[in-house]
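Report on one structure; see the data block that follows.
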Amino acid sequence: MDHFQIIQGVMHAEQVPLPVIAEAVGTPVYVYSTATLRRHARVFREGLAGVPRKHIAYAIKANPNLAVLRVLADEGYGADVVSAGEMRRALAAGMKAGDIVFSGVGKTREELAAALDAGIGQINLELEEEGHVLAEIAASKGMTAHAVLRVNPDVDAGTHAKISTGRKENKFGVPISEARSMFDALAGLPGLSLEGVAIHIGSQLADLAPLEAAYRRIGALVEELRAAGHAITRVDLGGGLGVPYRAGDVLPSPADYGAMVARVTADWDVELMFEPGRVIAGNAGVLMTRVIWVKPGVLNPYVIVDAAMNDLARPALYDAWHDFAAVRPTGETMMANIAGPVCETGDTFAMNREIDAVRSGDLAVFRTAGAYGATMASTYNSRGLVPEVLVDGDRYAVVADRIEPATILAAERVPEWLAR
Ligand SMILES: *Cc1c(COP(=O)(O)O)cnc(C)c1O
179 MDHFQIIQGV MHAEQVPLPV IAEAVGTPVY VYSTATLRRH ARVFREGLAG
229 VPRKHIAYAI KANPNLAVLR VLADEGYGAD VVSAGEMRRA LAAGMKAGDI
279 VFSGVGKTRE ELAAALDAGI GQINLELEEE GHVLAEIAAS KGMTAHAVLR
329 VNPDVDAGTH AKISTGRKEN KFGVPISEAR SMFDALAGLP GLSLEGVAIH
379 IGSQLADLAP LEAAYRRIGA LVEELRAAGH AITRVDLGGG LGVPYRAGDV
429 LPSPADYGAM VARVTADWDV ELMFEPGRVI AGNAGVLMTR VIWVKPGVLN
479 PYVIVDAAMN DLARPALYDA WHDFAAVRPT GETMMANIAG PVCETGDTFA
529 MNREIDAVRS GDLAVFRTAG AYGATMASTY NSRGLVPEVL VDGDRYAVVA
579 DRIEPATILA AERVPEWLAR
């Protein structure tokens, strides 16, 4: 459910008509709904009502905008971060260091040290050597690092290959069969408190079965580690819950997910960590765009919009579907392809799709663009970085400026030997 609805013929974000934002800020522009973010944060938490000891760390990479993080901090969420840059955002948004999880397969020594200095609550180790390095850095500072070991449960999440992370050939985690010996090697090190295990098998999961299979493997591993004398006090179950990208898509709800988790983990006796990203932010945002041309095509016309693959990469990257809707729908539809101005055939949002009829100059939105949208933007084709707007009821604010191509150009220079 979201708060982007047609009211008296015009799409609104909550109570703000989208044309008002287009007029003031220009297009393309990401628009986020505070009410939707809050609703998703609450529904996810309520879904886990049957889980007694839990901590929710929003996966910042889905949408790291500072204002979005502030809303989620208000909702009592911590953060899952994968770089020092994300860590600084979480702290700047007011999230408590103790509520932050630091994940990532390539944390540098500098990032590990920064995490310790900031008092990060949990560091997710990706290999044994990282555990030794973290212990050494912590010991040299007279500190103790709180860590868990990310394991790879070797399950197929059934999602797009580029967002699948839990198969044995993926780069993430350690093989579950080696977890025990790594615990033996790391558990007693000064400077390191190894407290449990973590998994994250992929994103946009449309089915709970792979998650349940992975969680059962983790449950067995917890038993094995305890039998070997290790104290296991926390398990991080990662993120991955999918969202409906197409009207009519049916996905497992947070309540379905929570019921499965409560059932599978009932006798684990640990604190559970959750890292939802997409399910919180996905449907809380749209990318608003203006139609530049409707260009005749061989089969269907091309609706050329002013948003492109550099603004919203998911269709080019993952063949992802985003519903497209007119801001002032007439009730008529047309068969069309939708593409951006970038000089790549991959800069195509849809082919042979029935969409709201639009003409040049019309405003439209790509829905479900709140996660993995603005944050993946680039400046390819010397386009600017798209701005972001947060709506709350009848008010709105620009929460990230448009970065103009001139600003990007200003950061480049010609070396002296090429000077004219
Ligand atoms: C990306 C990621 C998440 C969030 O995934 P979603 O599918 O957006 O919920 C959680 N944990 C880790 C370690 C991640 O890399």
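Add 178 to a position in the sequence shown, counting from 1, and you land on the number used in my numbering.
The beta-carbon is built from N, C-alpha and C at its ideal position, and this holds for glycine as well.
{"Query": "Among the residues of its own chain, which have a CB less than 7 Å from the CB of Val203, if the five just before and after it don't count?", "Result": "Pro565, Val567 and Val576"}
{"Query": "Per DSSP, what are the beta-bridge partners of Lys473 in this structure?", "Result": "Tyr480"}
{"Query": "With a threshold of 6 Å, establish whether the CB of Pro454 neighbours any heavy atom of ligand 1.", "Result": "yes"}
{"Query": "Near Ala459, what residues of its chain come up, given a Cβ to Cβ distance below 6 Å and the 5 sequence neighbours on each side ignored?", "Result": "Ala240, Asn241, Gly548 and Ala549"}
{"Query": "Is Asp258 near ligand 1 - that is, is its Cβ less than 6 Å away from at least one heavy atom of it?", "Result": "yes"}
{"Query": "By how many angstroms is the C-alpha of Val326 removed from the C-alpha of Ala376?", "Result": "6 Å"}
{"Query": "At the level of alpha carbons, what is the spacing between Glu256 and Val221?", "Result": "One point to set straight first is that residue 256 is Gly, not Glu, in the sequence displayed. Whole-angstrom Cα-Cα distance: 16 Å."}
{"Query": "Looking at ligand 1, does it come within less than 6 Å of His338, judged from the CB to the closest heavy atom?", "Result": "no"}
{"Query": "Chain B beta carbons: is any one of them nearer than 7 Å to that of Ile278?", "Result": "Going by chain labels, chain B is absent from the structure shown, which holds only one protein chain."}
{"Query": "For Ala504, count the other beta carbons within 10 Å of its own beta carbon; 16 or more makes it buried, fewer makes it exposed. Which is it?", "Result": "buried"}
{"Query": "Does the beta-carbon of Asn330 have 16 or more other beta-carbons within 10 angstroms, so that it is buried, or is it exposed?", "Result": "buried"}
{"Query": "In the DSSP assignment, find the unbroken alpha helix (DSSP H) run with Phe502 in it and report its ends.", "Result": "No alpha helix (DSSP H) contains Phe502, which is instead part of the beta strand (DSSP E) from Phe502 to Ala504."}
{"Query": "Look up Pro374 in the DSSP assignment and say whether it is helix, strand or coil.", "Result": "The sequence given here places Gly at residue 374; Pro does not occur at that position. Strand."}
{"Query": "If we count the other Cβ atoms within 10 Å of its Cβ and call it buried at 16 or more, is Asn530 buried or exposed?", "Result": "exposed"}
{"Query": "Just curious, the beta strand (DSSP E) that Asp362 is in, first and last residue?", "Result": "First-last for Asp362: Ala357 to Leu364, but that is the alpha helix (DSSP H), not the beta strand (DSSP E)."}
{"Query": "Any chance the stretch 197–216 sits against the stretch 519–536, with 3 or more Cβ pairs inside 8 Å?", "Result": "no"}
{"Query": "Rounded to whole angstroms, what is the Cα-Cα separation between Ala219 and Ala555?", "Result": "25 Å"}
{"Query": "If we require 4 or more residues per run, which alpha helix (DSSP H) segments fall completely within the stretch 226–264?", "Result": "244–252"}
{"Query": "So, does the stretch 493–501 touch the stretch 572–590, judging by three or more C-beta pairs under 8 Å?", "Result": "no"}
{"Query": "Looking only at its own chain, which residues have a Cβ that is under 8 Å from the Cβ of Phe361, when we skip the five neighbours before and after it?", "Result": "Leu327, Leu372, Leu403, Ala406 and His408"}
{"Query": "Do you know offhand how far Val400's Cα is from Ile410's?", "Result": "7 Å"}
{"Query": "Quick one: measure Cβ to Cβ for Phe544 and Leu490, integer angstroms, because I've assumed they're closer than 8 Å.", "Result": "6 Å"}
{"Query": "Out of Ala462, Phe182 and Asp334, state which residue places its alpha-carbon closest to the alpha-carbon of Val421.", "Result": "Ala462"}
{"Query": "For His190, which beta-bridge partners are listed by DSSP?", "Result": "Gln183 and Pro195"}
{"Query": "Since Gly518 and Ala485 are thought to touch, with beta carbons under 8 Å apart, how far apart are those beta carbons, to the nearest angstrom?", "Result": "6 Å"}
{"Query": "Is the beta carbon of Asn488 less than 7 Å from the beta carbon of Tyr558?", "Result": "yes"}
{"Query": "Within the present structure, is the beta-carbon of Ala219 separated from the nearest heavy atom of ligand 1 by less than 6 Å?", "Result": "no"}
{"Query": "If you draw a straight line from the alpha carbon of Pro432 to that of Val592, how long is it in whole angstroms?", "Result": "53 Å"}
{"Query": "Quick one: Cα of Ala398 to Cα of Pro479, how far?", "Result": "56 Å"}
{"Query": "Given a threshold of 16 other Cβ atoms within 10 Å of its Cβ, counted over all protein chains shown, does Thr286 qualify as buried or as exposed?", "Result": "exposed"}
{"Query": "Short of 7 Å in beta carbon distance, which residues of its chain neighbour Gly272, apart from the five on each side in sequence? Order them along the chain.", "Result": "Arg248 and Ala251"}
{"Query": "Taking the straight line between their C-alpha atoms, what separation do you get for Asp604 and Thr322?", "Result": "This structure cannot speak to residue 604, because the chain is shown only from 179 to 598."}
{"Query": "If you compare alpha carbons, which of Pro507, Val333, Ala384 and Gly320 is closest to Leu429?", "Result": "Ala384"}
{"Query": "Tell whether a beta-carbon distance below 7 Å holds between Ile379 and Ala425.", "Result": "no"}
{"Query": "Tell me whether His233, by its Cβ, gets closer than 6 Å to a heavy atom of ligand 1.", "Result": "no"}
{"Query": "Could you check where the alpha helix (DSSP H) with Leu290 kicks off and where it finishes?", "Result": "Arg287 to Ala296"}
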